[in-house]
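**Q** One structure is given below, represented as structure tokens, and several questions about it will come after.
Protein chains in written order, with the numbering used here: chain A, 1 to 204; chain B, 1001 to 1204.
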């Protein structure tokens, strides 16, 4: 595309680096920002600067936080001996919104992926093992994605922790509530049959 | 969604104001920026600040420009007596990329739209009339969208200029090159039959 303004071209090129955003959408963003009140764009720019310069990783659970210790780890009402291991803050937010979990988290910041060059040392596994060794942890809940990378990471963590006297569980996989059984993929259906539970347990 | 960081929440809320971007995509953007080198995000923020504080509108054609007069208006190789009237810079860029037009532009910055509260005074129509009166303009090419708003704007400009001794044309509408005739909508097909041209004119 031919731009008549280098300033516009720069902004479009920078916006087009956002994931899934091409040149056309980036141009739409830039023209939208130009139509708006200048303050809105300055606020957006400021929030992005603050995002990368001021945000911290919680020293305990590695979750994104405004302070050294995140609000979940600092909350004394939470159950401190259960740790749910997740890939990133998105899963923390999803699980928090269910209001069903009162334990702590451990945010790995990724999963082991040789293809993308993510090794064991690149994610917060060592930090997790230290937590288990130093704190009084009774249960580790693995809530990693069911991809090859997620499963590899789950198996690796399970292996590292098998000699520690803690319970290691994984979140239940099965057919989603409301989904039709006939449309479920075979793996999910197979797992949901193998992992069936006493009816009285579910509806107690 | 529950955020464990106000800084993150702010950035997500600001990003979610971009057109077509919801909270989830905005969160994806924010986490992507956090994974990247800090400099990339600072560059993005800087480009946005520059966009809204430094960009100008060309004093002649109203196009976005880095200087008082845009590079197209300042170019002495362009044909100065033909002005193509467009809605915004996107159309300028599209037409420029064809390399078929050597005249100037006039960027209205919108089309008349009572529903969206865009009146005659909100777009650069008066500036266009002044150009026609003060400069030696021979032809005005209307290249506005074929929506009700675009057509209204075209008719309005045509009305204002009908007593001036200039040629007023509109870009050709018809079936796109490569499109199948059977799939064309009736209006387009009707227009392309009514506006048929001598075969020898097209392939001369």
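Glycine included, every Cβ here is placed at the ideal spot set by N, Cα and C. For clarity, every value in this text was computed on a predicted model and none was experimentally measured.
Name the chain B residues that come within less than 8 Å of residue 49/A, Cβ to Cβ?
**A** Along the first chain, read from residue 1 onward, the residue named residue 49/A stands at position 49. What residue 49/A touches in chain B: 1041, 1042 and 1045.
**Q** Curious, which full-length alpha helix (DSSP H) runs of at least 4 residues does the stretch 82-154 of chain A contain?
**A** 89-96 and 125-134
**Q** CA-CA distance, residue 73/A and residue 107/A?
**A** As a working mapping, residue 73/A is identified with position 73 in the first chain. As a working mapping, residue 107/A is identified with position 107 in the first chain. Cα to Cα, residue 73/A sits roughly 12 Å from residue 107/A.
**Q** With a threshold of 8 Å (Cβ to nearest heavy atom), would residue 1121/B be considered close to the ligand HEM?
**A** With respect to the ligand HEM, the structure shown offers nothing to examine, as it has no ligands at all.
**Q** Helix or strand or just coil, what does DSSP make of residue 1184/B?
**A** As a position in the second chain, residue 1184/B is number 184, starting the count at 1. Residue 1184/B: coil per DSSP, three-state reduction.
**Q** Could you give the distance in angstroms between the alpha-carbon of residue 1030/B and the alpha-carbon of residue 180/A?
**A** As a first step, residue 1030/B is located in the second chain; it is residue number 30 there, counting from the start. As a first step, residue 180/A is located in the first chain; it is residue number 180 there, counting from the start. The alpha-carbon atoms of residue 1030/B and residue 180/A are separated by roughly 35 Å.
**Q** Quick check: is the beta carbon of residue 1167/B nearer than 9 Å to any beta carbon in chain A?
**A** By one-based count along the second chain, residue 1167/B stands at place 167. Chain A contact via Cβ: absent.
**Q** For residue 1168/B, does the three-state DSSP call read helix, strand or coil?
**A** For the purposes of this step, residue 1168/B is taken as residue 168 along the second chain, with counting starting at 1. In this structure, residue 1168/B counts as strand in the three-state DSSP scheme.
**Q** Could you tell me which of 32/A, 56/A and 8/A sits nearest to residue 1004/B, measuring between CA atoms?
**A** Residue mapping note: residue 1004/B aligns to position 4 of the second chain, counting from 1. Closest by alpha carbon: 56/A.
**Q** Identify the residues that DSSP records as bridge partners of residue 65/A: which are they?
**A** One-based indexing of the first chain puts residue 65/A at position 65. BP columns for residue 65/A point to 56/A.
**Q** Beta carbon of residue 1139/B, beta carbon of residue 1178/B: below 9 Å?
**A** Locating residue 1139/B in the second chain gives position 139, where the first residue counts as 1. Locating residue 1178/B in the second chain gives position 178, where the first residue counts as 1. No, the pair does not count as a contact, with Cβ atoms beyond the cut-off.
**Q** Flag residue 13/A as yes if its beta-carbon sits less than 9 Å from any beta-carbon of chain B, otherwise no.
**A** One-based indexing of the first chain puts residue 13/A at position 13. Yes, residue 13/A lies at the interface with chain B (some Cβ there is under 9 Å from its Cβ).
**Q** Please report whether the beta-carbon of residue 1185/B lies at a distance below 9 Å from any beta-carbon of chain A.
**A** Reading the second chain from its first residue, position 185 is the one you call residue 1185/B. Closer than 9 Å: no.
**Q** Could you give the residue range of the alpha helix (DSSP H) that holds residue 200/A?
**A** Stepping through the first chain from its first residue, residue 200/A is reached at position 200. Counted as a single uninterrupted DSSP element, the alpha helix (DSSP H) harbouring residue 200/A occupies residues 199-202.
**Q** What do you get for residue 95/A, buried or exposed, if any count of 16 or more other CB atoms within 10 angstroms of its CB means buried?
**A** In the first chain, counting from the first residue as 1, residue 95/A sits at position 95. Residue 95/A should be labelled buried.
**Q** Are the stretch 1121-1141 of chain B and the stretch 1150-1169 of chain B in contact at 8 Å, needing three or more beta carbon pairs?
**A** Under the Cβ criterion (8 Å, minimum of three pairs), the stretch 1121-1141 of chain B counts as touching the stretch 1150-1169 of chain B.
**Q** Per the contact definition of three or more C-beta pairs closer than 8 Å, is the stretch 11-22 of chain A in contact with the stretch 1046-1064 of chain B?
**A** yes
**Q** Less than 9 Å separating the beta-carbons of residue 1019/B and residue 28/A?
**A** For the purposes of this step, residue 1019/B is taken as residue 19 along the second chain, with counting starting at 1. For the purposes of this step, residue 28/A is taken as residue 28 along the first chain, with counting starting at 1. Contact flag set, yes.
**Q** Just the C-alpha distance for residue 1131/B and residue 1165/B, rounded to the nearest angstrom, thanks.
**A** In the second chain, the residue the question calls residue 1131/B occupies position 131. In the second chain, the residue the question calls residue 1165/B occupies position 165. Between residue 1131/B and residue 1165/B, the C-alpha separation is close to 13 Å.
**Q** For residue 22/A, which residues in the same chain have their Cβ closer than 8 Å to its Cβ, ignoring the five residues on either side in sequence?
**A** The residue given as residue 22/A occupies position 22 in the first chain. Result list for residue 22/A: 16, in chain order.
**Q** Since residue 1084/B meets chain A, which of its residues come closer than 7 Å, beta carbon to beta carbon?
**A** Residue 1084/B sits at position 84 when you count from the first residue of the second chain. Those do not exist, as residue 1084/B stays about 14 Å from chain A at its closest Cβ, beyond 7 Å.
**Q** Name the two residues that bound the continuous alpha helix (DSSP H) containing residue 1011/B.
**A** Here residue 1011/B refers to the residue found at position 11 when the second chain is read from its first residue. Element bounds for residue 1011/B: 1006-1015.
**Q** Using Cβ-Cβ distances below 8 Å, what residues of the stretch 1111-1136 of chain B are close to chain A?
**A** none
**Q** Exposed or buried, which one is residue 190/A when buried takes at least 16 other CB atoms within 10 Å?
**A** As a working note, residue 190/A is residue 190 in the first chain. Exposed: under 16 other Cβ atoms inside 10 Å.
**Q** Exposed or buried, which one is residue 1109/B when buried takes at least 16 other CB atoms within 10 Å?
**A** Along the second chain, read from residue 1 onward, the residue named residue 1109/B stands at position 109. Looking at its Cβ environment, which holds 16 or more other Cβ atoms inside 10 Å, residue 1109/B is buried.
**Q** Whose Cβ in chain B lies nearer than 8 Å to the Cβ of residue 144/A?
**A** Within the first chain, numbered from 1, the residue matching residue 144/A stands at position 144. Chain B residues near residue 144/A: none, gap ~17 Å exceeds 8 Å.
**Q** Check each residue of the stretch 1070-1081 of chain B: if its Cβ is closer than 8 Å to any Cβ of chain A, include it; give the result in chain order.
**A** 1070, 1071 and 1072
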